[in-house]
């Protein structure tokens, strides 16, 4: 087989990883990124955006044969550090033992993968090449360069790995029978910062995801390796309080002091930043198909932009790559089979994590609120420890069980939900929750639903 | 109050009705339609497209004060005439007594409403004016005319009543926080024709909706006043059999003769028409918001394009108009209140009828198939006749109960579904369905769910 050529549009983490796996399968890959190279240009202007990686992400990287270099730069977060309004701190572990989600610098992992890509002889990377058009019949792409000139790139196949606002996907809108959905969440967000101590250490506990859950809004903070925390304030776009209602400086001050008094000791000019920044919207994108004419396909956020409340966005994109990696072998490079198998395998999982990520806003933002909700979590945790084969909590299935597809996690989670609603409806459950009969009833219901095991 | 001006984009049935109600509330209305006037130009080229109108449509027209002229041109269909493959005919009534859905000529009702609009002094109608752009801040619209010149129309408010492929809606895609979904159904469709007898009478029973349900596809026929039937073949776009798989003339012939042998005696050149026509896709569009800056709003299919399987598309659009009609009075022409009240009232109903219309393909196409499904309908019908306050079948709620919002019908229907699943799970239900204990159990479950009445 003569080496076939593939164009990858988008040099973010998913595009870079995709280029690597394709190159390692013998393809000649052109990797095209619209922005300058962050390794040689300070395009992030000192901003350190971080994201969560967890077992699905690590497992996918391993499957593709990426070293654990990235993990060395990641900070494990073993629990949620929940900050109540009065400053009281509660620790809620993510899983058991050393189960953790990992705070990763987006630019750090991206640059690591670009370095790996550079070391692959089959990959050529082009920065400052912005996609202008793509022919979905031939996979021929046209890119515009900074000086305005355009180049035409022919290839056997092309991938749109160009993120939540994917140009490849927007161009696909003109194709027949393309189903498309873009849904805005009621919340928008701004990023804030907690600087490091003078000695470079963290001002708050390092190995935790800090949350200030306030039911209809919340502040979170993820640690960076330089001692800072990147914080995100999620708040309704309209209503009260909201980004729309908080326009006057004194109202913003009052808002922060009323709801995040302890964080005010650490946050860097939060009121100034709030006044200066325009809040970014949160939206989900779902489309089908993900591939066109057995020539062009979407991957990562381009195929399934989700909201960040489950910390699964990049994990899901990396899983897309691992699936392709396996399918190229399985179908021995027959792309007429790979493309449909890829989209059929991944679409239900993309839809499931979209749904889960939407729902999890409530879960996160109400963490210290509803006492019945906390009680339910305790009962579930207790039962799960006693009957691990019968019950893995939904959060653990999604985050720590890469062998369980997202779609399966969603399905089982809904069945668990039905069961737990029955348990929580037991009269006197608030007093009796630790009694043996509650465990017995739960065991009976779980066995009736799941048989011997999930 | 000096007369305010409103631009209505789209002169179909919903646009024309909207123009009338706005004019009757004292507004100066410009009604702009991209096509020529069908009353003076033969734009339909002899095609008689018909649609179903039912109680919601008639009630809405009455509320707005439209005479029953349209009803005189409509043909009541009291039941489904189900054609089995062997030619056997089964009659399934739509409701009780003289409950009927009505076959209406789309051009007929449109022309009637345009005639009414012409008689309103406050309406000026412009044909062959195609919307080119609209300013969502000012409601200023730009229209292109046949010779290529453009006119700019200022108004206080504007409505997009421009149908399933609404240009107003597509222009709204560029607005911030506009949520949008376009979903293709697996089925596409072509229209066929059954000509009249030489004496102008119908070749099949007049007062019925004829269905040839074949599970994964179906043919339907609706009567026209000129003795013809307009038929629609709904068939998968791909797979077997499908519009894609049936490409050879002999395969198409074999398909029709295998599945619709009795219809072959009536259909006009079905194989030729199948070979000549390109199948049209079926898609649903859901968006939010429906109004922008208290200046511009969407209505009818422009706001909620659905599939035709519940016969509710135009009914829903007319209900939008009736709602606006009531809100203009209720809020005394305060559009800052009317627009949000309109979209909040109608959006849940648009979503509900979208869901119901999708689901109803299965219901229609499997009418003569699943015997358990038929049994379930019989049990429901029997129970409903005995306890009308406790149980109105979903189809009747949607079609014959305009006082029940679509969203309420969907919710109650889902609860009925849960109950009927329990009834159908009774061991031996196939033999026992007519026994008293089945009615008793159903009564017990219905009363537990709905109390004394729905």
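Protein chains in written order, with the numbering used here: chain A, 78 to 531; chain B, 78 to 531. We put the CB at the ideal spot given by N, CA and C, even for glycine.
Item                                                                                                                                         : Value
Opening and closing residue of the alpha helix (DSSP H) in which residue 353 of chain B lies                                                 : 347–353
Separation of residue 218 of chain B from residue 81 of chain B, as counted between CA atoms                                                 : 16 Å
Cutoff 7 Å: residue 260 of chain B Cβ touching any chain A Cβ                                                                                : yes
Assigned secondary structure, residue 94 of chain A (DSSP; H/G/I helix, E/B strand, else coil)                                               : helix
Chain-order list of residues whose beta-carbon lies under 7 Å from that of residue 137 of chain A (same chain, five-residue window excluded) : 395, 396, 398 and 399
Sequence-distant residues of the same chain with beta carbon closer than 6 Å to residue 351 of chain B, five excluded per side               : 329
Own chain partners of residue 105 of chain B with C-beta closer than 6 Å, once the 5 adjacent residues on each side are dropped              : 80, 82 and 199
Inter-residue spacing [alpha-carbon to alpha-carbon] between residue 239 of chain B and residue 302 of chain B                               : 27 Å
Chain-ordered chain A contacts of residue 254 of chain B [CB-CB under 9 Å]                                                                   : 261, 265, 314, 358 and 360
Where residue 301 of chain A falls: helix, strand or coil (DSSP)                                                                             : coil
Delimiting residues of the beta strand (DSSP E) encompassing residue 152 of chain B                                                          : 152–154
According to DSSP, residues forming a beta bridge with residue 287 of chain B                                                                : B:158 and B:298
Contacts that residue 257 of chain B makes with chain A (C-beta to C-beta distance below 9 Å)                                                : 257, 258, 259 and 260
Neighbour-count burial assignment, residue 224 of chain A, 16 or more Cβ in a 10 Å radius                                                    : exposed
Identified DSSP bridge partners for residue 375 of chain B                                                                                   : B:237
Own chain, CB closer than 8 Å to residue 464 of chain A, minus 5 neighbours either side, in chain order                                      : 520 and 523
Same chain, Cβ closer than 6 Å to residue 152 of chain A, five either side skipped, listed in chain order                                    : 180 and 300
Bounding residues of the beta strand (DSSP E) (the contiguous stretch that carries residue 220 of chain B)                                   : 218–221
Residue 465 of chain A in three-state terms, based on DSSP                                                                                   : coil
3 or more residues per run - each beta strand (DSSP E) lying fully within the segment 245–288 of chain A                                     : 256–271
CB-CB length for residue 442 of chain A against residue 236 of chain A, believed under 8 Å                                                   : Wrong, their Cβ atoms sit about 35 Å apart, outside the cutoff.
First and last residue of the uninterrupted alpha helix (DSSP H) at residue 403 of chain A                                                   : 390–407
Pairwise C-alpha distance: residue 461 of chain A and residue 515 of chain A                                                                 : 13 Å
Rounded distance between the beta-carbons of residue 489 of chain A and residue 474 of chain A, thought under 8 Å                            : 7 Å
Residue 149 of chain B versus B:453, B:164, B:175 and B:182, residue with shortest Cα-Cα distance                                            : B:182
Identity of the residues DSSP links to residue 307 of chain A by a beta bridge                                                               : A:270 and A:299
Residues bridged to residue 127 of chain A (per DSSP)                                                                                        : A:182
Three-state secondary structure (DSSP) of residue 118 of chain A                                                                             : coil
Residue closest to residue 141 of chain B, alpha-carbon to alpha-carbon, out of B:318, B:310 and B:404                                       : B:404
Rounded C-alpha distance that separates residue 168 of chain A from residue 336 of chain A                                                   : 19 Å
Boundaries of the beta strand (DSSP E) in which residue 203 of chain A is found, first to last residue                                       : 200–203
Limits of the beta strand (DSSP E) - the one that residue 137 of chain A falls within                                                        : Where residue 137 of chain A is concerned, there is no enclosing beta strand (DSSP E), although the alpha helix (DSSP H) it sits in stretches over 132–141.
Between the CA atoms of residue 347 of chain B and residue 160 of chain B - distance to the nearest angstrom                                 : 17 Å
Residues that residue 109 of chain B bridges to, as DSSP identifies them                                                                     : B:86 and B:203
Residue 480 of chain A burial status per 10 Å Cβ neighbour count (16 or more: buried)                                                        : exposed
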